[in-house]
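Each protein sequence line maps, in turn, to chains W and Z.
According to this note's numbering, the first sequence holds residues 22 to 423 in order.
According to this note's numbering, the second sequence holds residues 8 to 363 in order.
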Amino acid sequence: MTLSRRSFLATSAAATAVMGTPMILRAQPKEYVVASSLPLTGPFATAGQLVSPAMKMFEALVNEDGGIGGVPIRTVIEDSGYVPATALANYQRALATEPNMVLYYGDSTGFMKLVAPELKGKNATLMGSTSFASDLANPAENPYQYLPGPSYEDQVDILLQNIKNAGGTNVAFIFSNTEFGRDPIEHGRKKAEKLGLEVVLEETTKAQGADIPTHVTKLAQSGAEHCILQGYVTGVWPQLIGGARQFGLPTQFYGTFWGMEKLIADRVTAEAGPFLDGYSGVMPYRYSYDAEEAPIYQRYAAFQKSAFAGTPLENYMPTWGLQSLISMNLGVEALRRVAGKGEELTAERAAEELAGITDYDTGGFFGGPVSMKNNKIGTGRVYTYEAASGLFQPTSDWFTVE
Amino acid sequence: MINANLKSSYAADERVLDNRYKQGFVYGSILLLALFTLFGSDYAILIGSQMGILLIAVVGINVLTGYTGLVSLGHGAFVAIGAYAVTIFNNVATGIIPAGIMPFLSLPFAVFLAAAVGVLVGLPSLRVKGLYLAVATLAANFIVIFLIEEELFAPWTGGMVGLTTNAPNFFGWVLDTKREMFGLIAVLGVLALLAAQNLMRTRVGRAFIAIRDRDYSAEILGISLLRYKLTSFAISAAYCGLAGALFAYFYARILPEQFELALSLQLVAALIVGGLGRTMGPVFGVIVIVLVPELIKITFGAVTGDAAGMAQLRAPLQEIAFGALLVLFLLKEPLGINQIVDRILRAANRWPFARG
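Listed below in structure tokens is the structure:
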């Protein structure tokens, strides 16, 4: 082939075009930041102190897998003391000091609601949290906030369905006089009616230091076969069940996510005897000891054994930690999808990709592949506590509610 | 005692800013605030706004506790009343009152409602004093929060779930950024401080001080305890109501849990640390209560880095450091930081002569 002037020019133009095209169209940051507010002090310090190391494990494992689009992540943890305004200040501080923040993890319904109207324009960040409040699963209003599982309403749906399947005819709701406690009650009442279950009692209690004998007496008078407890974390629910057993009530008790922690049930059993035996509740995830079909749990367990030796996390990851891990895994998955398309990691794009997650294999957190619908994953199953083994064992199939 | 302030007329003696230092300080501060509003970082603006809102409430507590000598542990309630009143007024009056003039009506409404409830809460002060009054006012906090959370009023107050608030709209200028809001807060904060300083020049302010120093002596002098104690409650509640209204404007949502006892205690703590019965006391108090924990957080963060276990360890340490600092301030100077600053300024003023 002779090199004519025309072909020379064409070849050099093509070569210039190829060499001149930047490999990456945009300058990539050195690292992405995943920031969080956790209650490291205050009433839920126990939970915050256990979740905090899980964040660091999350960081290590995400980076082992190549970070987000090849860029490593760094986690930042701040204490909120479980005060929404403090968590908001933490978020604002992170916004101001971490220009590459791509994901935030909040620690209360209060914070999520306080921050929601602020998530606009450059102040928006994809945001998971510890809350399963039904209001937060609202992509039309809060496109950037999501639930890493079923809302409290969904959880009560799962419980009511389970009660119905077991041949139950009536149910009582006992809940704390907090936003957290009241969240699913109205919906639960309607759902029970739909299923043909009679609601024989709706009883509010204080979130801490409730008057147990009065509530137990009312429960006894109502003649409830089943009772759903909502809005408690460490206290009240064990005392209520203990009080009912002392009273000789045969009522079957159920809890939702925050009332299903093995560490709490074990401690209650050790201090007050095996009266929680048979207590059931809904849990969106497998427990960490149920790792056979959960490769990601096996990976966590190996990490925990070496990194957290001598701490409570060495052989067990609390449900609170699992919730944080799956929440951030989902966020990172959305961000990876954006990065995979070579686009900038904006909150808008991340939220779009998150909403588009379908039939996604979480590595075993849930019973099977899951989909994000209305910024939540409506899947869970019923577990029952065995005081002898100290384990919550599955007693139902995986339910998915819309 | 500040010397070298010669006043040659009554007019000079009666001025709010009665010497050149004060004038220079106030004008300088206003200039700094203006520059800060324009150039402060978003984060600094957030912290500044939090301080400004708290400051206005603490100025209110200062009128009651610092000047009149009446202790209240229930002023969080008035902040709540201000916040909810401005939001509910806005929600109810939308469509009836044009949006552009809404704050000119809703803000005064919130302030007056808080003042009116303040009078009601102040009634026990006529019979009880000191710790007994503190306990009596404590009830205000619980009652107001209880009513806000009550299902019956939930259609207006939002109950447990709280309310989404609106940004203020002044003749079409919507203050929907934190920076704009800081501007408003700063203006009202400075006005609140100057108004409190001015109050003490008036007959009312002098009556407050007389009541604080010895109430029955004041009564013998012809000061009506009923009138002035309730006036003091009303004024301090009005300040807190204004702070609450700004709180509602500033945050996009208000929740009842934000106005619980902890807030009332924080207000009193800020005043005690800053200096009771001094105009600048609330300013120093708020700096310590809001800014110092942030500084401790930043310092600890810089020292310890992001290492895995550090955040866990850091959080409780920060709380301990803050607590220890408060105790230290109170031990070193029970009259508050204002007194420490006074002493330093006095020494500087007289340098190189006598100190103290």
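For every residue, glycine included, the Cβ atom is placed at its ideal position computed from N, Cα and C.
Since the structure is predicted, the reported quantities are computational estimates derived from the model, not experimental observations.
Asked                                                                                                                                                                                                    : Found
Is Z:Met167 close to chain W, meaning its C-beta is less than 8 Å from at least one C-beta of that chain?                                                                                                : yes
Taking buried to mean at least 16 other C-beta atoms within 10 Å of its own C-beta, is W:Thr483 buried or exposed?                                                                                       : Because residue 483 of chain W is not part of the residues shown, which for chain W are 22 to 423, the question remains open.
Can you tell me the Cα-Cα spacing of Z:Ser15 and Z:Asn26, whole angstroms?                                                                                                                               : 12 Å
Which residue comes first and which comes last in the alpha helix (DSSP H) that contains W:Leu242?                                                                                                       : Before going further, note that residue 242 of chain W is Gln rather than Leu in the sequence given. Note, W:Gln242: alpha helix (DSSP H), 233 to 243.
In the DSSP assignment, the alpha helix (DSSP H) including Z:Val66 goes from what residue to what residue?                                                                                               : 49 to 68
Suppose you measure from the CA of Z:Arg321 to the CA of Z:Phe307; what does that come to, to the nearest Å?                                                                                             : 7 Å
At least one CB of chain W closer than 8 Å to the CB of Z:Ala322: is that the case?                                                                                                                      : yes
Could you give the residue range of the beta strand (DSSP E) that holds W:Tyr126?                                                                                                                        : 122 to 127
Comparing alpha-carbon positions, which option in W:Tyr53, W:Ala68, W:Gly276 lies nearest W:Gln344?                                                                                                      : W:Ala68
Taking DSSP as the reference, what is the three-state secondary structure of Z:Val142?                                                                                                                   : helix
Would you say Z:Ser271 reaches chain W, if we count a Cβ-Cβ gap shorter than 8 Å as a contact?                                                                                                           : no
Can you tell me whether DSSP reads Z:Glu157 as helix, strand or coil?                                                                                                                                    : coil
From what residue to what residue does the alpha helix (DSSP H) around W:Ala193 run?                                                                                                                     : That residue, W:Ala193, is in no alpha helix (DSSP H); its beta strand (DSSP E) goes 191 to 197.
In the DSSP assignment, find the alpha helix (DSSP H) that holds W:Thr290 and state where it starts and stops.                                                                                           : 283 to 293
Which residue wins for smallest C-alpha separation from W:Gln251, given the options W:Asp178, W:Gln242, W:Arg307?                                                                                        : W:Asp178
Compare the C-alpha of W:Ser73 against each of W:Glu219, W:Gly385, W:Ile398, W:Ala56 and name the closest.                                                                                               : W:Ala56
With which residues is W:Ser301 paired in a DSSP beta bridge?                                                                                                                                            : W:Tyr275, W:Thr405
At a CB-CB cut-off below 9 Å, which residues of chain Z make contact with W:Arg114?                                                                                                                      : Tyr50, Leu53, Ile54, Glu301, Lys304, Ile305
What residues match up with W:Gln251 in a beta bridge as DSSP calls it?                                                                                                                                  : W:Phe196
For Z:Tyr258, go through chain W and note every residue whose CB falls closer than 8 Å to its CB, in chain order.                                                                                        : Ala106, Leu109, Leu135
State yes or no: is the C-beta of Z:Phe96 within less than 8 Å of the C-beta of Z:Ala123?                                                                                                                : no
Have a look at W:Met393 and W:Ala376 and give me their C-alpha separation to the nearest angstrom.                                                                                                       : 6 Å
What does Z:Thr171 reach in chain W if we use C-beta pairs closer than 8 Å?                                                                                                                              : Pro138
What are the residues that DSSP puts in a beta bridge with W:Pro415?                                                                                                                                     : W:Tyr404
Taking the alpha-carbon of Z:Thr209 as reference, which of Z:Gly248, Z:Ile344, Z:Val23 has the nearest alpha-carbon?                                                                                     : Z:Val23
Using the Cβ count rule (16 or more neighbours within 10 Å means buried), how would you classify W:Leu71?                                                                                                : buried
Can you name, in chain order, every residue of its own chain whose Cβ lies under 7 Å from the Cβ of Z:Gln273, other than the five neighbours on each side?                                               : Ile296
Let me check understanding here. Comparing Cα to Cα, which of W:Val359, W:Asn144, W:Gly88 lies closest to W:Leu109?                                                                                      : W:Asn144
If contact is defined by three or more beta carbon pairs under 8 Å, each pair taking one atom from either stretch, is the stretch 281 to 298 of chain Z in contact with the stretch 48 to 68 of chain Z? : yes
Any chance the stretch 162 to 172 of chain W sits against the stretch 394 to 409 of chain W, with 3 or more Cβ pairs inside 8 Å?                                                                         : yes
Z:Glu326 CB to nearest chain W CB: under 8 Å?                                                                                                                                                            : yes
Compare the C-beta of W:Gly389 against all C-beta atoms of chain Z and say whether one is closer than 8 Å.                                                                                               : no
Identify the contact partners of W:Gly131 in chain Z, using a Cβ-Cβ distance below 7 Å as the criterion.                                                                                                 : Leu262, Glu264
Please go through the same chain and pick out, in chain order, the residues whose beta-carbon is closer than 6 Å to the beta-carbon of Z:Phe266, but skip the five residues on each side of it.          : Gly83, Val86, Ala87
How about W:Ala56: is its C-beta nearer than 8 Å to some C-beta of chain Z?                                                                                                                              : no
In chain order, which continuous runs of the beta strand (DSSP E) of length 3 or greater are located wholly inside the stretch 133 to 218 of chain W?                                                    : 147 to 150, 191 to 197
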